[in-house]
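Number of protein chains: 2
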Amino acid sequence: MTRVVVADDQPVVLEGFTTILGATSDLEVVGTARDGVELVTLVAATRPDVALVDVRMPRLDGIAATARVRAAHPGTHVIVLTTFDLDEYVTRALEAGASGFLLKDVPAARLVEGVRLVAAGALLLGPRVARHLLADVDAAPRREVPGVDRLTPREREVLTVVAGGLSNAEVAAKLGIGEQTVKTHVSELLRKLARRDRAQLVVAAYEAGVVVPG
Amino acid sequence: MTRVVVADDQPVVLEGFTTILGATSDLEVVGTARDGVELVTLVAATRPDVALVDVRMPRLDGIAATARVRAAHPGTHVIVLTTFDLDEYVTRALEAGASGFLLKDVPAARLVEGVRLVAAGALLLGPRVARHLLADVDAAPRREVPGVDRLTPREREVLTVVAGGLSNAEVAAKLGIGEQTVKTHVSELLRKLARRDRAQLVVAAYEAGVVVPG
DNA sequence: AGGGTCCTCCCTCCTGCGGGGGAGGGTCCC
DNA sequence: GGGACCCTCCCCCGCAGGAGGGAGGACCCT
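Protein chains in written order, with the working numbering: chain X, 80 to 293; chain P, 80 to 293.
Set out below in structure tokens:
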């Protein structure tokens with residue numbers, strides 16, 4: 080059962096969302112709030128899986144409320160509700176820890192699906208927001224690790240898994256190949272990246288940005 | 080009715096996804112492909128709403144196939160299928176125009192929900208991918224590593240050096256102590272941080288922010 | 001049709017690593 | 001004085017990890 084709270088200053092919106100979510104067997108609305116302050120208190124009291132939060136609210140707006148909720152209760156994923164798909168809210172909301180956006184006139188089916196996916200930890204964005212975000216990805220800070228560019232796709236994949244701290248046998252199981260094959264890939268990684276053992280391989284992976292901490 | 084095609088070189092995957100999607104009333108699998116070239120032809124012929132595409136395929140890989148599909152038919156939204164939700168394919172796939180990622184062992188319900196949302200134009204990312212993309216936006220979210228606060232000063236020091244990829248003998252030389260002593264500290268680190276080997280210790284160090292890449 | 005790359009898997013050999021013990025000396029504080 | 005830590009060092013032992021080979025099949029490009 081996924082537990083949800085809804086925050087909006089418009090009673091009609093509150094009513095609508097509660098009705099839709101309450102009609103779904105695996106979703107449950109455990110509370111509603113009419114402003115940001117109420118929301119923060121409500122989340123602290125009910126510890127919901129998902130919070131639907133309007134951007135525009137009295138006393139404490141949706142962005143600030145999202146930041147407080149995320150800071151105090153990381154287990155609660157926030158979906159920001161907007162009337163229009165305004166880009167300027169998007170970045171700030173994401174920085175505040177929001178997991179997704181929905182328009183207030185979203186079809187019932189999509190609302191339900193979105194809540195479920197966000198509860199599972201997914202990030203849910205509209206198409207325009209996506210492009211906006213991708214611009215930042217290109218600026219990802221990576222250190223030059225000599226040899227990473229000469230890795231084959233499979234080797235890169237193995238590196239990622241090894242960098243998670245898995246043993247050869249575990250890597251083999253995860254990739255569905257033999258342990259001997261993993262050893263071959265690892266040896267090749269050590270040679271190409273000029274490292275000595277898998278611990279140094281983990282270091283190289285973090286330096287190269289193949290994995291990101293956090 | 081949402082029309083879907085599936086592309087994967089593994090018949091079992093093809094079969095599984097087709098069965099799941101076919102059992103849903105508003106989804107319809109209108110074709111399958113075993114490699115990228117087949118996929119491009121299939122999309123041109125059927126104009127589906129969503130294409131589920133494996134990253135690893137013969138002849139034309141999933142990334143390249145995605146780029147061609149998106150260029151020729153922007154109305155078709157692509158979901159990339161991966162074994163992991165965080166690997167070197169993610170960024171390239173998004174640049175190629177993919178709308179989302181799903182693990183091959185995704186639960187049926189989430190698969191169906193994901194397909195519907197992507198068909199509607201949403202961007203769908205897993206939790207780890209989301210963090211990856213938000214790495215530059217989000218302000219360095221240091222993960223809580225249980226036990227790191229119970230380390231003695233010397234242990235913390237050893238951890239930092241070990242996280243540099245040094246062997247026990249090298250750590251000993253660097254700290255001016257015996258190798259046996261280093262082993263004792265390392266064993267203690269493994270125990271307190273609940274890790275198995277020094278590779279996992281390196282991971283823990285990066286997660287805890289004891290060392291910082293870049 | 002052939003050369004090159006990649007992925008896959010097999011073998012032997014040996015070292016470094018980590019588990020599981022024990023033990024002495026140092027400081028600090030009760 | 002007697003704990004309670006912390007740092008230091010020692011032994012034995014089993015094993016995963018890595019070196020150094022070889023080999024077959026699939027694919028790609030020319």
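Here a beta-carbon is modelled for each residue, glycine too, at the ideal position from N, C-alpha and C.
These numbers were taken from a predicted model, which means no experiment stands behind them.
Cα-Cα separation between residue i and residue j, rounded to whole angstroms
i      : j      : result
A102/P : E192/P : 13 Å
S266/X : E234/X : 10 Å
V92/P  : V134/P : 13 Å
E117/X : L230/X : 53 Å
D276/X : V227/X : 16 Å
D105/X : L182/X : 22 Å
P90/X  : R113/X : 8 Å
A278/X : N247/P : 12 Å
R270/X : G244/P : 16 Å
V83/X  : R195/P : 21 Å
I256/P : Y285/X : 28 Å
A172/P : I142/X : 30 Å
P220/X : L280/X : Residue placement at P220/X cannot be trusted, given a pLDDT of 41 that sits under 50; what the coordinates show is reported in the next sentence. The straight-line gap from Cα to Cα measures roughly 19 Å.
L213/X : L204/P : Here L213/X scores only 47 on pLDDT, less than 50, and its place in the model should not be relied on; the value that follows carries that caveat. Their backbone Cα atoms lie some 13 Å apart in a straight line.
D296/X : D140/X : Shown here, chain X extends from 80 to 293; a query on residue 296/X therefore has no answer.
S178/P : H264/P : 47 Å
G95/P  : L202/P : 23 Å
F180/X : L160/X : 6 Å
D215/P : T162/X : Caution applies to D215/P, whose pLDDT of 37 falls short of 50 and renders its modelled position unreliable; the model cannot decide the point.
Alpha helix (DSSP H) segment containing residue i, residue limits
i      : result
L118/P : 115-125
T97/X  : 90-101
T145/P : 141-151
R82/X  : Here R82/X belongs to no alpha helix (DSSP H); instead the beta strand (DSSP E) covers 81-86.
G179/P : That residue, G179/P, is in no alpha helix (DSSP H); its beta strand (DSSP E) goes 179-182.
L230/P : Looking at the DSSP string, L230/P is not in any alpha helix (DSSP H), and its letter there is neither H nor E.
V282/X : 277-287
L272/P : 258-272
G193/P : 187-198
L254/X : 247-254
Residues of its chain near residue i, where Cβ-Cβ distance is below 8 Å and the 5 sequence neighbours each way are ignored
i      : result
I99/X  : A187, L190, V191
L254/X : E236, V237, V240, V261
D88/P  : R113, D114, D133, R135, M136, P137
L268/X : L230, E234, V237, L238, V241, R274, L280
V119/X : L139, A144, R147, V148, A151
Own chain, CB closer than 7 Å to residue i, minus 5 neighbours either side, in chain order
i      : result
T97/P  : V85, V108, T111
A151/X : A123
V250/P : V237, V240, V241, V261
A198/X : T81, D128, V129, H156
G176/X : T145, A146, R149, V157
L121/P : V84, G110, A112
Residues near residue i by beta carbon distance below 6 Å, same chain, minus five either side
i      : result
L272/P : G226, A283
P232/P : none
E258/X : N247, A248, A251
Boundaries of the beta strand (DSSP E) in which residue i is found, first to last residue
i      : result
T111/X : 106-112
A130/P : 129-133
T161/X : 156-161
A202/P : It should be noted that the sequence gives Leu, not Ala, for residue 202/P. Taken as a continuous stretch (DSSP letters only), the beta strand (DSSP E) holding L202/P covers 202-204.
Stretch pair the stretch 117-130 of chain X + the stretch 147-163 of chain X: three plus CB contacts closer than 8 Å: yes
Taking a Cβ distance cut-off of 8 Å, strictly less, list which residues of the stretch 237-251 of chain P are near chain X, in chain order. V241, A242, G243, G244, S246
Quick one, which residues of the stretch 186-198 of chain X are near chain P if we go by CB-CB under 9 Å, in chain order? P186, A188, R189, V191, E192, G193, R195, L196
Along the stretch 266-283 of chain P, where does the CB come closer than 9 Å to a CB of chain X? Name the residues. R274, R275, D276, R277, A278, Q279, L280, V281, V282, A283
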